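Trainee:
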Amino acid sequence: MTATTITAPAPRAARRRPVAWTRLAWVTMRQHRPALIGAAVFLGLVSLYLLIMGLQINHAYAQVASCHPASSGACQQLARAFTQEYWGGGGGGAVSAGGAQTVSSLMLVVPVMLGIFLGAPVLAREFETGTFRFAWTQGCGRSRWAVSKLVLLAVVVTAVTWAFTELFTWYYHAFLVDGQVSRLLPLAFGLLGVAFAAWTLAAFAIAAFFGALIRRTLPAMATTLVTWTVLAIGTATWLRQHYQAPLKTTALNPPAGAWIIGNYATGPNGQVLSQRAFNQLAQQAPASVQNSPNPSALQNWLAQQHYTQWTSYEPASRFWHFQVIEAGWLVALSAILIAASVWLVRRRAA
Amino acid sequence: MNIIESAGLGKRYRRTWALRDCTLGIPAGHVVALVGPNGAGKTTLLNMAVGLAVPTAGTVTVLGGLPAGSPDALDRIAFVAQDAPLYKNLPVADMLHVARNLNRRWDHQRAQARLAELGIPLNKKVGHLSGGQKAQLALTVALARRPDLLVLDEPLASLDPLARHDFIQSVMETVAAEGVSVVLSSHVVAELERMANYLIVLSFGQVQVAGEVDDLVAEYGASLEKIVLAAMRESGREVAA
Chain A
1 MTATTITAPA
11 PRAARRRPVA
21 WTRLAWVTMR
31 QHRPALIGAA
41 VFLGLVSLYL
51 LIMGLQINHA
61 YAQVASCHPA
71 SSGACQQLAR
81 AFTQEYWGGG
91 GGGAVSAGGA
101 QTVSSLMLVV
111 PVMLGIFLGA
121 PVLAREFETG
131 TFRFAWTQGC
141 GRSRWAVSKL
151 VLLAVVVTAV
161 TWAFTELFTW
171 YYHAFLVDGQ
181 VSRLLPLAFG
191 LLGVAFAAWT
201 LAAFAIAAFF
211 GALIRRTLPA
221 MATTLVTWTV
231 LAIGTATWLR
241 QHYQAPLKTT
251 ALNPPAGAWI
261 IGNYATGPNG
271 QVLSQRAFNQ
281 LAQQAPASVQ
291 NSPNPSALQN
301 WLAQQHYTQW
311 TSYEPASRFW
321 HFQVIEAGWL
331 VALSAILIAA
341 SVWLVRRRAA
Chain H
351 MNIIESAGLG
361 KRYRRTWALR
371 DCTLGIPAGH
381 VVALVGPNGA
391 GKTTLLNMAV
401 GLAVPTAGTV
411 TVLGGLPAGS
421 PDALDRIAFV
431 AQDAPLYKNL
441 PVADMLHVAR
451 NLNRRWDHQR
461 AQARLAELGI
471 PLNKKVGHLS
481 GGQKAQLALT
491 VALARRPDLL
501 VLDEPLASLD
511 PLARHDFIQS
521 VMETVAAEGV
531 SVVLSSHVVA
541 ELERMANYLI
551 VLSFGQVQVA
561 GEVDDLVAEY
571 GASLEKIVLA
581 AMRESGREVA
591 A
């Protein structure tokens with residue numbers, strides 16, 4: 001008896017070929033078809049808007065770029081009008097609703113919306129409706145089932161948002177090209193390069209993980225929204241500038257396209273002044289300096305007192321370096337969360 | 351060969367034992383009724399046998415020694431959970447394709463023929479089917495997998511009398527045609543007399559009675575229903591004492 005039980009399973013295991021991934025992929029695509037179509041329609045509408053606006057912007061910008069000589073009053077006027085109309089917010093005071101500044105602010109929440117919409121139901125719906133009892137008792141086994149769903153959807157989400165980034169970059173090009181808007185600015189960085197796709201992937205993975213953990217769709221969505229937002233804001237306001245130590249300059253205007261991190265002043269011995277100490281110092285400057293329209297007047301006066309004003313910044317040339325770092329840790333985080341979701345599925349008892 | 355065999359099997363959910371010290375061997379080729387009051391541990395036992403739940407204590411094997419939930423076991427056991435969970439938003443035809451693509455063994459012609467016979471339209475959404483139709487669809491999906499063992503958890507609970515009759519008829523025809531082993535749980539005894547030839551009474555997480563129906567009837571000199579009720583009362587008295 002013992003001999004047969006030891007030898008019998010071996011040939012069967014050898015004969016056994018698992019259910020093909022392509023067939024599991026069909027199941028995933030069929031089950032999530034409504035959500036995928038919804039996401040595609042949404043992105044399609046946004047793309048259409050970006051396409052129409054992008055054509056207008058590029059047409060208007062061509063006129064600005066071809067204006068000659070660029071330093072003439074007429075050309076400056078043209079450039080200002082362009083910025084005011086299409087970027088919005090600047091100069092005129094009124095923020096134009098369709099300005100690229102407003103559009104890009106709204107775009108920042110697209111990754112989390114897509115991620116939540118597609119990621120939260122993948123496992124949570126199965127728990128909510130009890131269909132996991134069906135899915136996990138089929139011949140393919142629950143691990144393969146979970147891996148096929150999460151990995152395929154993650155790849156689709158990443159690929160589609162990556163393609164979308166190309167369109168957005170084209171739309172945004174006119175504002176970035178002369179370094180007026182830094183590519184590293186929080187408003188731009190997350191929407192360009194590979195960051196947009198990476199943040200969407202992260203939102204998807206977080207949502208799928210909370211779906212497996214909480215086992216209910218709406219709470220998983222809410223938890224993901226909070227977690228992702230905290231992560232995104234923390235990264236933009238604190239983490240990102242630490243990818244590489246900022247450069248510093250005493251020049252009043254840092255190089256074009258630089259992302260300005262902060263300003264500070266150092267004293268005669270090189271010590272950094274607190275904001276309050278600096279304000280007190282600046283108030284000691286003669287009225288002629290304080291009221292001067294020329295910003296370098298204060299700097300010159302400070303230099304005479306052996307104080308130096310510094311601007312710390314990240315140069316535009318670091319854009320891709322930062323993109324790769326950010327996408328790198330976001331992809332790693334997503335992979336860990338997807339693996340953790342599969343692990344939860346494996347160990348979850350009915 | 352025993353289709354389900356357990357030794358000292360137990361499952362605890364937080365502090366309460368849903369099933370305790372359950373030792374049994376269910377021989378192949380029967381229609382086995384697993385009977386007991388609500389909360390007796392029937393679903394827990396079946397969940398462990400099909401690999402959905404992991405035992406807290408003891409062991410359970412299926413189909414002659416396969417570990418429950420192993421790839422081979424999943425391949426050869428078809429399980430229909432309580433309320434026959436299926437994807438409600440899919441049309442019947444797509445539900446069949448989903449099941450087909452999740453399994454290595456699948457008999458599509460059989461599934462389609464069966465649905466045609468039952469008059470279940472392929473283009474209707476699963477969520478729009480009647481309770482009886484939904485139960486029949488779940489059974490169709492399970493049978494299309496050509497299982498060696500069919501496990502049904504409370505298949506009759508949510509069905510009206512006519513649907514119950516039809517469902518039992520379907521199961522009996524399958525058994526007669528292919529000799530598949532069936533294990534089904536129920537807290538209603540009356541209908542089981544027509545289909546079951548092996549009885550297990552589970553109460554308070556323990557096996558009270560187990561054996562061939564004919565043997566039990568001969569031994570106790572009573573009907574199936576009376577045997578079940580007597581076993582439940584007996585266990586209730588033991589627990590009370």
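Listed in order, the protein sequences are those of chains A and H. Under the working numbering, the residue at position 108 of the first sequence is numbered 108, and the numbers go up by one with no gaps. Plus 350 on top of the position in the second sequence (first one is 1) and you've got the working numbering. Each residue gets a CB set at the ideal place from its N, CA and C atoms; glycine is no exception. No experiment lies behind these values; they were computed from the predicted model shown.
By the 10 Å Cβ neighbour count, where 16 or more other Cβ atoms means buried, how is D565/H classified, buried or exposed?
Mentor: Exposed.
Trainee: Against chain A, does N451/H count as a neighbour if the rule is that its beta carbon must be under 8 angstroms from one of theirs?
Mentor: Yes, because at least one Cβ of chain A sits closer than 8 angstroms to the Cβ of N451/H.
Trainee: For chain H, find out if any of its Cβ atoms is closer than 8 angstroms to the Cβ of R215/A; answer yes or no.
Mentor: For R215/A, the answer is no, since every Cβ of chain H falls outside 8 angstroms of its Cβ.
Trainee: Report all residues from its chain with a CB closer than 8 angstroms to the CB of L574/H; omit the five preceding and five following residues, and keep chain order.
Mentor: Here the set comprises V539, L542, E543, A546, L549, V563, L566 and V567.
Trainee: Kindly indicate if chain A contains any beta-carbon less than 8 angstroms away from that of F429/H.
Mentor: Chain A, which has a Cβ nearer than 8 angstroms to the Cβ of F429/H, makes this yes.
Trainee: Against L402/H, what residues of chain A qualify as contacts under a CB-to-CB distance less than 8 angstroms, listed in chain order?
Mentor: Under the 8 angstroms cutoff, chain A gives R133, W136, T137, A349 and A350.
Trainee: Closer than 7 angstroms, Cβ to any Cβ of chain D: which residues of the region 363-378 of chain H, in chain order?
Mentor: As a matter of chain content, chain D is missing from the structure shown, whose protein chains are A and H.
Trainee: How would you call H32/A, buried or exposed, if buried means at least 16 neighbouring beta carbons within 10 angstroms?
Mentor: The residue is buried, with at least 16 neighbouring Cβ atoms inside 10 Å.
Trainee: What residues in its chain sit with their C-beta under 7 angstroms from that of F209/A, if we drop five residues either side in the sequence?
Mentor: Excluding positions up to five away in sequence, the list reads L337, A340 and S341.
Trainee: Which word fits T217/A, buried or exposed, when buried means at least 16 other C-beta atoms lie within 10 angstroms of its C-beta?
Mentor: Buried: at least 16 other Cβ atoms inside 10 Å.
Trainee: Less than 8 angstroms between CB atoms is the rule here; does V539/H satisfy it with respect to chain A?
Mentor: Answer no: the Cβ-Cβ gap between V539/H and chain A never drops below 8 angstroms.
Trainee: Hey, is D510/H's beta-carbon within less than 8 angstroms of any beta-carbon in chain A?
Mentor: So, not an interface residue.
Trainee: According to the Cβ coordinates, are E504/H and S536/H closer than 8 angstroms?
Mentor: Yes, Cβ-Cβ distance for E504/H and S536/H is below 8 angstroms.
Trainee: Hey, quick one: how far does the alpha helix (DSSP H) through Q323/A stretch, first residue to last?
Mentor: That run of the alpha helix (DSSP H) goes F319 to R347.
Trainee: Which residues of chain H have a Cβ atom closer than 7 angstroms to the Cβ of V27/A, listed in chain order?
Mentor: What V27/A touches in chain H: V448, N451 and L452.
Trainee: Determine whether the Cβ of L424/H lies closer than 8 angstroms to any Cβ atom of chain A.
Mentor: It does; some Cβ of chain A falls within 8 angstroms.
Trainee: Less than 8 angstroms between the beta carbons of E126/A and F132/A, yes or no?
Mentor: Yes, the Cβ-Cβ distance between E126/A and F132/A is below 8 angstroms.
Trainee: Would you check if the region 185-201 of chain A and the region 160-168 of chain A touch, i.e. whether three or more CB-CB distances between them fall below 8 angstroms?
Mentor: Verdict: yes, contact present.
Trainee: Could you check if R346/A is buried or exposed, using at least 16 other CB atoms within 10 Å of its CB as the buried criterion?
Mentor: So R346/A counts as exposed.
Trainee: Would L625/H be called buried (16 or more neighbouring beta carbons within 10 Å of its own) or exposed?
Mentor: Any question about residue 625/H goes unanswered here, given that chain H covers just 351 to 591.
Trainee: So that I know if they touch, is there some Cβ in chain A lying closer than 8 angstroms to that of R455/H?
Mentor: Output row for R455/H: interface = yes.
Trainee: Output the boundary residues of the alpha helix (DSSP H) element that contains L465/H.
Mentor: Run containing L465/H: H458 to L468, per the alpha helix (DSSP H) assignment.
Trainee: What's the call for E528/H, buried or exposed, on a 16-neighbour Cβ count within 10 Å?
Mentor: When all chains shown are included, E528/H counts as exposed.
Trainee: Taking its Cβ as the centre, do 16 or more other Cβ atoms sit within 10 Å of L108/A, making it buried, or is it exposed?
Mentor: Buried, by the Cβ-count rule.
Trainee: Which residues in chain A sit within 7 angstroms of P421/H, going by Cβ to Cβ distance?
Mentor: Within 7 angstroms Cβ-Cβ: R16 and G141.
Trainee: My parser needs the alpha helix (DSSP H) runs of 4 or more residues fully inside the region 378-425 of chain H; what are they?
Mentor: 392-399, all fully within the region 378-425 of chain H.
Trainee: Any beta-carbon of chain A closer than 8 angstroms to the one on L574/H?
Mentor: Closer than 8 angstroms: no.
Trainee: Round the Cβ separation of F429/H and V501/H to the nearest angstrom and send it over; I've been treating them as touching at under 8 angstroms.
Mentor: About 5 angstroms; that satisfies the 8 angstroms criterion.
Trainee: Which residues, in order along the region 94-128 of chain A, keep a beta-carbon less than 8 angstroms from a beta-carbon of chain H?
Mentor: Listed by position, the residues of the region 94-128 of chain A near chain H (Cβ gap below 8 angstroms) amount to none.
Trainee: Kindly indicate the opening and closing residues of the alpha helix (DSSP H) around Y172/A.
Mentor: R142 to L176 is the extent of the alpha helix (DSSP H) around Y172/A.
Trainee: Verify the CB distance criterion: does L24/A have a CB-CB separation below 8 angstroms to chain H?
Mentor: With 8 angstroms as the cut-off, L24/A counts as an interface residue toward chain H.
Trainee: Mind pulling the chain H residues with CB within less than 8 angstroms of R30/A?
Mentor: Neighbours of R30/A on chain H, chain order: L440, D444, H447 and V448.
Trainee: Is the beta carbon of L413/H closer than 8 angstroms to that of T394/H?
Mentor: It is not a contact, given that the beta carbons lie outside the stated cut-off.
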